[in-house]
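Participant: Heads up: the sequence shown begins at 0 in numbering that gives the first Met the number 0, then just goes up one per residue.
Ideal placement from N, C-alpha and C gives every residue a C-beta, glycine not left out.
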Amino acid sequence: MIKLDSAEYAKRRKALMEKMSPNSIAILASAPVTVRNRDVEHPFRQDSDFYYLSGFDEEHSVLVLIPGREHGEYVMFCQEKIKEQEIWTGRRVGPEAAPEVLGCDDAFPVTDIDDILPGLIEGCDRIYANLGTSPEFDRQLMQWVNHIRAQVRSGATPPHEFSALDHLLHEQRVIKSDAEVAVMRHAAEISAEAHTRAMQTVRPGMREYQLEAEIMQIFMAAGSRWPAYPSIVGSGDNGCILHYTRNDDVINDGELVLIDAGCELDYYASDITRTFPSNGRFSEPQRALYQLTLDAQYAAIEATKPGNHWNQPHEAAVRVLTTGLVELGLLSGEVDELIESLAYRQFYMHKTGHWLGMDVHDVGEYRVEGEWRTLAPGMVLTIEPGIYVAPDDESVDEKWRGIGIRIEDDVVVTQDGCDVLTKDVVKEIADIEALMSA
Ligand code: GLY
Ligand code: MN
Ligand code: MN
Numbered sequence: 000m001i002k003l004d005s006a007e008y009a010k011r012r013k014a015l016m017e018k019m020s021p022n023s024i025a026i027l028a029s030a031p032v033t034v035r036n037r038d039v040e041h042p043f044r045q046d047s048d049f050y051y052l053s054g055f056d057e058e059h060s061v062l063v064l065i066p067g068r069e070h071g072e073y074v075m076f077c078q079e080k081i082k083e084q085e086i087w088t089g090r091r092v093g094p095e096a097a098p099e100v101l102g103c104d105d106a107f108p109v110t111d112i113d114d115i116l117p118g119l120i121e122g123c124d125r126i127y128a129n130l131g132t133s134p135e136f137d138r139q140l141m142q143w144v145n146h147i148r149a150q151v152r153s154g155a156t157p158p159h160e161f162s163a164l165d166h167l168l169h170e171q172r173v174i175k176s177d178a179e180v181a182v183m184r185h186a187a188e189i190s191a192e193a194h195t196r197a198m199q200t201v202r203p204g205m206r207e208y209q210l211e212a213e214i215m216q217i218f219m220a221a222g223s224r225w226p227a228y229p230s231i232v233g234s235g236d237n238g239c240i241l242h243y244t245r246n247d248d249v250i251n252d253g254e255l256v257l258i259d260a261g262c263e264l265d266y267y268a269s270d271i272t273r274t275f276p277s278n279g280r281f282s283e284p285q286r287a288l289y290q291l292t293l294d295a296q297y298a299a300i301e302a303t304k305p306g307n308h309w310n311q312p313h314e315a316a317v318r319v320l321t322t323g324l325v326e327l328g329l330l331s332g333e334v335d336e337l338i339e340s341l342a343y344r345q346f347y348m349h350k351t352g353h354w355l356g357m358d359v360h361d362v363g364e365y366r367v368e369g370e371w372r373t374l375a376p377g378m379v380l381t382i383e384p385g386i387y388v389a390p391d392d393e394s395v396d397e398k399w400r401g402i403g404i405r406i407e408d409d410v411v412v413t414q415d416g417c418d419v420l421t422k423d424v425v426k427e428i429a430d431i432e433a434l435m436s437a
């Protein structure tokens with residue numbers, strides 16, 4: 000808990016409170032506990048907004064910010080420290096220690112929230128909350144507000160405006176601080192090492208999940224508790240399934256293996272894809288499509304710099320891919336027309352990247368006032384073009400069918416371009432073949 004400097008969390012809360020309107024309150028609940036099956040729960044992972052503001056990873060907690068409140072602006076409701084319960088479910092901070100551990104001004108048992116929170120809301124004009132994400136939380140919030148409404152004749156003043164908290168908070172999360180970039184760089188290095196390991200250990204005949212085990216081993220040995228998302232290990236045709244996670248096929252000789260895997264480190268994600276031949280040597284058709292994907296990725300990286308807009312890297316990748324697909328005979332026609340008509344989507348059906356941060360598909364707008372937003376230093380994104388030729392695509396020569404390739408790196412926008420955080424894992428054909436034959 001609280002891995003970044005506690006001053007970083009205080010700075011985030013202050014920045015948010017400065018943007019909140021006068022006489023307002025922000026209320027944010029911890030992530031829900033979800034059941035996997037019968038008595039088994041999914042591992043608990045704190046809500047990213049909640050963790051971003053608190054560094055607190057306990058379930059059944061509610062964070063409250065009340066800018067300008069005389070008796071303290073930062074209030075936490077959390078589980079009580081009860082010995083009999085801690086024996087079953089683990090250690091808790093508890094409201095007594097919370098001010099010291101979390102830096103909050105006040106803390107109360109979450110079981111008392113219905114008695115205390117309406118009193119904190121009362122008199123505020125506006126409530127900021129992430130409405131619509133949890134029906135349970137929405138219901139509770141209305142219950143607290145209705146409690147105040149029921150007392151207007153005794154002089155209580157209920158809030159009359161509800162605002163989306165994420166609108167304020169997510170803009171803040173888009174620009175990463177130096178401390179955040181440092182954690183993300185470390186996460187990227189661990190993931191790069193894991194992909195290198197996968198290239199070194201793959202053998203035809205293995206199951207895809209056995210290669211996944213090599214990835215997981217490196218993540219955990221290097222200090223990452225979880226992957227940032229379920230790893231994709233797709234061999235052969237499976238590389239053409241964008242969200243393939245079954246990972247239970249046999250990896251055959253002569254196939255490509257597409258691995259999309261990234262560790263989560265201290266609540267920050269990394270997200271790398273590499274595609275390589277199971278036997279260490281690209282076939283001619285694999286080589287041609289791989290080099291084209293790589294050229295598209297370089298073009299997109301080149302277009303990732305301050306002042307360019309969000310979609311420019313995608314447009315650059317699409318142009319290179321479409322031109323190459325025509326040259327190789329997978330598409331036919333004028334490049335401009337094929338781009339205009341979106342014909343390339345037969346082989347490239349996703350976008351070239353997404354924001355990356357505490358969530359793998361991180362928060363933040365992609366358009367502002369109807370226009371693609373301008374890239375600026377501190378933004379972190381992925382660059383991940385691909386080519387996927389469906390196994391049953393009879394419009395192309397047989398030799399291309401069933402080839403799925405994606406190459407994905409994580410970059411941070413700098414003053415004059417971008418810095419590739421995931422550069423430690425090779426992607427040039429010659430470098431992959433050399434590594435795999437070593
Ligand atoms: N791993 C999810 C993605 O690449 O977007
Ligand atoms: Mn990605
Ligand atoms: Mn990915």
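1) H308 bridges to which residues according to DSSP?
2) What does W87 pair with, by DSSP beta-bridge criteria?
3) Whole angstroms is fine: what's the gap from S249's alpha carbon to T351's?
4) One question on the structure: do G332 and T274 come within less than 8 angstroms of each other, judged by their Cβ atoms?
5) Closer than 7 angstroms to a non-hydrogen atom of ligand 2 - does that hold for the CB of D270?
6) Which residue marks the beginning of the beta strand (DSSP E) containing Y127, and which one marks its end?
7) Let me make sure I understand the geometry here. Which of C123, M198, H185 and Q171 has the alpha-carbon closest to that of A155?
8) Under 7 angstroms: does the beta carbon of H166 sit that close to some heavy atom of ligand 2?
9) Using a Cβ distance threshold of 8 angstroms, determine whether the stretch 268-282 contacts the stretch 298-307, with at least three qualifying pairs required.
10) If we count Cβ pairs, one from each stretch, closer than 8 angstroms, do we get three or more for the stretch 240-248 versus the stretch 222-231?
11) Taking only the alpha-carbon atoms, compute the straight-line gap between K10 and S60 and give it to the nearest angstrom.
12) Should the stretch 188-198 be regarded as contacting the stretch 428-435, the criterion being three or more beta carbon pairs within less than 8 angstroms?
13) Under the assumption that L337 contacts L327 (Cβ atoms under 8 angstroms), give the Cβ distance between them as a whole number of angstroms.
14) Considering Cα atoms alone, identify which of C262, H41 and L374 is closest to D415.
15) Pick helix, strand or coil for A155, following the three-state DSSP scheme.
16) For the 8 angstroms Cβ check, are there 3 or more pairs between the stretch 14-34 and the stretch 62-75?
17) Can you tell me whether DSSP reads V412 as helix, strand or coil?
18) Measure the CB-CB distance between G222 and L264 and report whether it falls below 8 angstroms.
19) In three-state DSSP terms, what is Y297?
20) So L167 and N129 are supposed to be a Cβ contact under 8 angstroms. How far apart are they, rounded?
21) In its own chain, which residues sit with a C-beta less than 6 angstroms from the C-beta of G323, not counting the 5 before and 5 after it?
22) DSSP puts Y267 in a beta bridge; with which residues?
23) Helix, strand or coil: which one does DSSP assign to A315?
24) For D335, does the three-state DSSP call read helix, strand or coil?
25) Please state whether DSSP places P203 in a helix, a strand or coil.
26) With a cut-off of 8 angstroms on the beta carbons, I'd call R12 and Y73 a contact; round off their distance for me.
27) With respect to 7 angstroms, is the separation between the Cβ of D4 and the closest non-hydrogen atom of ligand 3 below this value?
28) Of all the options I217, D358, R184 and I258, which has the alpha carbon lying nearest to the alpha carbon of R44?
29) Taking the alpha helix (DSSP H) that G403 falls in, what are its first and last residues?
30) Look up T132 in the DSSP assignment and give the residues it is bridged to.
31) If we call anything under 8 angstroms between Cβ atoms a contact, is I404 one with Q296?
32) For Q216, does the count of other Cβ atoms within 10 angstroms reach 16, so buried, or fall short, so exposed?
33) Buried or exposed: K311, going by 16 or more other Cβ atoms within 10 Å of its Cβ?
34) Can you tell me where the beta strand (DSSP E) with V173 in it begins and where it stops?
35) For E188, I'd like the list of residues in its chain whose CB is within less than 7 angstroms of its CB, leaving aside the five on either flank, ordered along the chain.
36) Indicate the three-state DSSP secondary structure (helix, strand or coil) for D418 in the structure shown.
Facilitator: So, from the listed chains and residues:
1) Answer is T373, bridged to H308.
2) Per DSSP, W87 has no beta bridge partner at all.
3) Checking the displayed sequence, the identity of residue 249 turns out to be Val instead of Ser. Computed Cα separation, rounded: 29 angstroms.
4) Taking 8 angstroms as the cut-off, the beta carbon of G332 is found no closer than this to the beta carbon of T274.
5) Closer than 7 angstroms to some heavy atom of ligand 2: that describes the Cβ of D270.
6) Run containing Y127: R125 to A128, per the beta strand (DSSP E) assignment.
7) Nearest neighbour of A155 by Cα position, chosen from C123, M198, H185 and Q171, turns out to be C123.
8) Taking 7 angstroms as the cut-off, the C-beta of H166 does not count as close to any heavy atom of ligand 2.
9) Segments in contact, no.
10) Segments in contact, yes.
11) Approximately 21 angstroms between the Cα atoms of the pair.
12) A contact exists between the stretch 188-198 and the stretch 428-435.
13) No, L337 and L327 are not in contact; Cβ-Cβ is about 13 angstroms, not under 8 angstroms.
14) Selected option, being the one with the closest Cα: L374.
15) Correct three-state label for A155: coil.
16) Cβ pair count under 8 angstroms is three or more, so yes.
17) Three-state DSSP puts V412 in a strand.
18) Yes, these two residues count as a Cβ contact at 8 angstroms.
19) The answer is helix: DSSP assigns Y297 an H, G or I state.
20) Cβ atoms of L167 and N129 stay farther apart than 8 angstroms, at about 11 angstroms.
21) Excluding five sequence positions before and after G323, the CB atoms of its chain that fall closer than 6 angstroms to its own CB belong to L291, given in chain order.
22) Looking at the DSSP output, Y267 sits in a beta bridge with L264.
23) A315 sits in a helix when the DSSP states are folded into three classes.
24) In the structure shown, D335 sits in a helix (DSSP, three-state: H, G or I).
25) Coil at P203, not helix or strand.
26) Sure, about 6 angstroms apart at Cβ, within 8 angstroms.
27) No, the Cβ of D4 stays beyond 7 angstroms of every heavy atom of ligand 3.
28) Out of I217, D358, R184 and I258, D358 has the C-alpha closest to the C-alpha of R44.
29) Counting along the chain, G403 falls outside any alpha helix (DSSP H), though it belongs to the beta strand (DSSP E) covering G403 to R405.
30) Looking at the DSSP assignment, T132 forms no beta bridge with any residue, so it has no partner.
31) The answer is no: Cβ separation not under 8 angstroms.
32) Under a 10 Å Cβ-count criterion, Q216 is classified as exposed, with fewer than 16 other Cβ atoms of the shown protein chains found around its own Cβ.
33) Per the sequence presented here, residue 311 reads as Gln, with Lys not at that position. Answer is buried; the Cβ neighbour count reaches 16.
34) Run containing V173: none in the beta strand (DSSP E); it sits in the alpha helix (DSSP H), L164 to V173.
35) Excluding sequence positions up to five before and after E188, its CB lies within less than 7 angstroms of the CB of D423, all in the same chain and listed in chain order.
36) In the structure shown, D418 sits in a strand (DSSP, three-state: E or B).
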